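Engineer:
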Amino acid sequence: MFSRKYKSVREWTHEKRNRFTELACKDPMFPTPGPGKRLDADGVPEVNYAVIGAGITGCSVAHTMLRHEFFQNDTIMVLEASDRTGGAAGISHAQVAPATAIDWGELVRRVGVRSANQAVVFSHRNLARLGELCAGLSAEDRKKVQFRRVKMVTNFANREPKNLYRRWDPAFRRMFTHLGNRFTEKDAGAAGTEYRFRIKSTSGAVEGPGATLNVGELVNALFNEMLREHDGRISVRTNTAVRKIKYRTDNPSLPWLLHTNCGLVRASSVIYCCNGRAAHLNHQLLGKLFPVNHPMSVEGLTPCPPDDSGTYSWRLIQRPTVDYCTGTFKPGQYSVVQDGRSLTYQVSGGPQTVASLFPMSGEDALQLSKNDHRERLHRLFRQPVERLEDWLDLGSSSADEPCDGTYRLSTLGLSSRCVGYTADALPLVGVIPVLNNHTRQNRQWVAAGCNGQGLDKCWLMGEYLVAMIAGEFVDNRLPDCYQITQARLSAMDPQNYLNRLLQVDTYEDRTPINTYLAPN
């Protein structure tokens, strides 16, 4: 089969940009539940705020509204298309990985020092806020949520991400003196000794602050608490998919008519806390916000590995690669979380094609990731042994033929979660611009698009969106680069997204750091 020769990843992404744009703007045609219990059996329900999406962001919005005096007489209905609350992160044990020097450097390059600094502070505050929420739960709920402060270990799979980290780390430490000393770099030998990494599979690692938790259990606990304490002001509907939203002028105080598989709902304002499906309910977001598949697997190891779930969580970073013959690319980041009960590992990330990025081809994404996840863990961990020489020179055997010092792996589960991505790879928070003159009380708002890395952002995004709806000034709390403006929406172009996804500019940039840090 003939395959065109490409000189670089940039040339490949340039050719694929139109195909990506076509798919990003296409209705994902999510499967929706059949007719359930009617919403409008006793008449069309009327609420002040309809929140679409019962993940952690939607939970944050509802939780904050019910405790804010501005909304003390308002009613809220949370609508969730799936059969459970918790969102994309709610199907597994998940990690909260606050911003590192690499994350900060990428933001400095793209949005400037001020916004990058705001985003780093926001990320670490979000971790602290999640800790506060979990500490306030009942003992029974805390046991289910399993919130654990851990050391977030970022493994450099090759030298390029390690060099990128070293490029930005000195400036990061100078900029954030209170955070810099919380990150420790280790060479390959030290990482192999402490984290059981295989020497041939790592160029070193960075250890920093982080956490793991069961997001689904946290969201369930908080929604149950809200329903107990604010009965009559909030309702949560699962298996209720919003199919379209119409603006009606016959009722100015309740202008939004939401059509769901369970009937109609009237609302004063609509708040999107869902994945990229929001773009097909509000065309202002079309091509700006879109749903992307995130493959995930549960891997069992034999013999049973040590319980590191309360100590470590892992990120694997590499320079993204493209197989030009098959059109398959591998991402720059994987996350690995150990479940404290089963001691299995939950791996997120994996190879994709342009088509398999989108929900219409979810099965393709799973098949591409099935062997890749096993290989990642096989290459990452070694069994504990007493002597360094027992594992230092291990060969690079395949996942199906382990040699001494490696684990045998078995895939116990494979799934694909759908998360919201944005064309400029930054979250969208704020009011959606409209042409007609809506008041603050009957606009459409959005907090979505965390690009697969939302747990260090989602909760505070919901809190500050509520503050914006209440008319509060949030510029010193919410990063400027997350806020919606008409200029930002106009500049968001999905044709540039593949370059960002594959971090082409990130690894090719040779601009001196001081150029970015110099005052404008």
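What the sequence shown shows, in full-length UniProt numbering, is residues 1 to 520, in sequence order.
Positions of the beta carbon are idealized from the N, C-alpha and C atoms, including for glycine.
Note that the structure is a prediction, hence the values are computed from the model and not measured.
(1) Quick check on ASP480: does DSSP put it in helix, strand or coil?
(2) As a quick exercise: from ARG110, GLN346, SER269 and GLU217, pick the residue whose alpha carbon is nearest that of PRO295.
(3) What does the alpha-carbon distance come out to for the pair GLY413 and THR344?
(4) Candidates VAL121, LEU428, ARG167 and GLY420: which alpha carbon is nearest THR511's?
(5) List the DSSP bridge partners of MET77.
(6) Let me know the secondary structure DSSP gives SER416 once reduced to three states.
(7) Taking SER82 and GLY462 to be in contact with their CB atoms under 8 Å, please state how far apart those CB atoms are, rounded to whole angstroms.
(8) Does the region 37-46 come close enough to the region 194-207 to have 3 or more Cβ pairs within less than 8 Å?
(9) Under three-state DSSP, which class holds ASP42?
(10) Quick test of your reading: ALA54 and ARG148, contact by CB under 8 Å. State the CB separation rounded to the nearest angstrom.
(11) Could you spell out where the alpha helix (DSSP H) holding LYS162 opens and where it closes?
(12) Measuring straight from C-alpha to C-alpha, what distance separates ARG19 and VAL354?
(13) So what's THR13 in DSSP terms, helix, strand or just coil?
(14) Exposed or buried, what is GLU299 when buried is set at 16 or more other beta-carbons lying within 10 Å of its beta-carbon?
(15) Would you mind sorting GLU386 into buried or exposed? The rule is 16 or more other CB atoms within 10 Å of its CB.
(16) In chain order, what residues of the same chain lie with their CB nearer than 6 Å to the CB of THR328, ignoring the 5 residues before and after it?
(17) Are the Cβ atoms of GLN338 and ASP308 separated by less than 8 Å?
(18) To the nearest angstrom, how far is it from the Cα of TYR49 to the Cα of GLU69?
(19) Please list the terminal residues of the continuous beta strand (DSSP E) segment that includes ASP424.
(20) If I'm right that PRO479 touches SER115 with Cβ under 8 Å, what's the distance once you round it to whole angstroms?
(21) Use the C-beta contact count for ASN293: other C-beta atoms within 10 angstroms, 16 or more gives buried, fewer gives exposed.
(22) By alpha-carbon positions, which one of GLU375, GLY189, MET468 and LYS288 ends up nearest to residue 529?
(23) From which residue to which residue does the alpha helix (DSSP H) around ARG148 run?
Structural biologist: Reading off the structure:
(1) Against the sequence shown, residue 480 aligns to sequence position 480. Reduced to three states, the DSSP call for ASP480 is helix.
(2) Translated into the one-based positions of the sequence shown, residue 295 becomes position 295. Of the listed residues, the one whose Cα sits closest to PRO295 is GLN346.
(3) On the sequence shown, residue 413 is found 413 positions in, with the first residue counted as 1. On the sequence shown, residue 344 is found 344 positions in, with the first residue counted as 1. About 10 Å.
(4) Looking up residue 511 in the sequence shown gives position 511. Looking at the Cα atoms, ARG167 is the closest of the given residues.
(5) Locating residue 77 in the sequence shown gives position 77, counting from the first residue. Answer by DSSP bridge pairing, in chain order: ALA50 and SER235.
(6) Here residue 416 is taken as the residue at index 416 of the sequence shown, counted from 1. In the three-state reduction of the DSSP assignment, SER416 falls in the strand class, which pools E and B.
(7) On the sequence shown, position 82 is the one that residue 82 refers to. On the sequence shown, position 462 is the one that residue 462 refers to. Actually they are not in contact, since the Cβ atoms of SER82 and GLY462 sit about 19 Å apart, beyond 8 Å.
(8) no
(9) As a first step, residue 42 is located in the sequence shown; it is residue number 42 there, counting from the start. DSSP places ASP42 in coil when its eight states are reduced to three.
(10) One-based indexing of the sequence shown puts residue 54 at position 54. One-based indexing of the sequence shown puts residue 148 at position 148. In fact, because the Cβ distance is near 24 Å, the residues do not count as touching under 8 Å.
(11) Your numbering for residue 162 matches position 162 in the sequence shown. Taken as a continuous stretch (DSSP letters only), the alpha helix (DSSP H) holding LYS162 covers 159-175.
(12) Residue 19 sits at position 19 when you count from the first residue of the sequence shown. Residue 354 sits at position 354 when you count from the first residue of the sequence shown. When rounded, the separation of the alpha-carbon atoms in ARG19 and VAL354 is 8 Å.
(13) Within the sequence shown, numbered from 1, the residue matching residue 13 stands at position 13. Three-state DSSP puts THR13 in a helix.
(14) By one-based count along the sequence shown, residue 299 stands at place 299. When all chains shown are included, GLU299 counts as buried.
(15) Here residue 386 is taken as the residue at index 386 of the sequence shown, counted from 1. Unreliable placement is indicated for GLU386, whose pLDDT of 41 sits below 50; no coordinate value is reported for it.
(16) Counting from one through the sequence shown, the residue named residue 328 turns up at place 328. Once the five neighbours on either side are set aside, the close Cβ partners of THR328 are PRO351 and THR353.
(17) By one-based count along the sequence shown, residue 338 stands at place 338. By one-based count along the sequence shown, residue 308 stands at place 308. Yes, Cβ-Cβ distance for GLN338 and ASP308 is below 8 Å.
(18) On the sequence shown, position 49 is the one that residue 49 refers to. On the sequence shown, position 69 is the one that residue 69 refers to. Whole-angstrom Cα-Cα distance: 15 Å.
(19) Here the question's residue 424 lines up with position 424 in the sequence shown. Neither: ASP424 is in no beta strand (DSSP E) and is coded neither H nor E.
(20) As a first step, residue 479 must be located in the sequence shown, where it is residue number 479. As a first step, residue 115 must be located in the sequence shown, where it is residue number 115. Correct: roughly 6 Å between the Cβ atoms.
(21) Start at 1 with the first residue of the sequence shown, and residue 293 comes out as number 293. So ASN293 ends up on the buried side.
(22) The chain is shown from 1 up to 520; residue 529 falls before or after that span and cannot be answered.
(23) Within the sequence shown, the letter at position 148 stands for residue 148. Looking at the DSSP string, ARG148 is not in any alpha helix (DSSP H); the run it does join, the beta strand (DSSP E), is 148-156.
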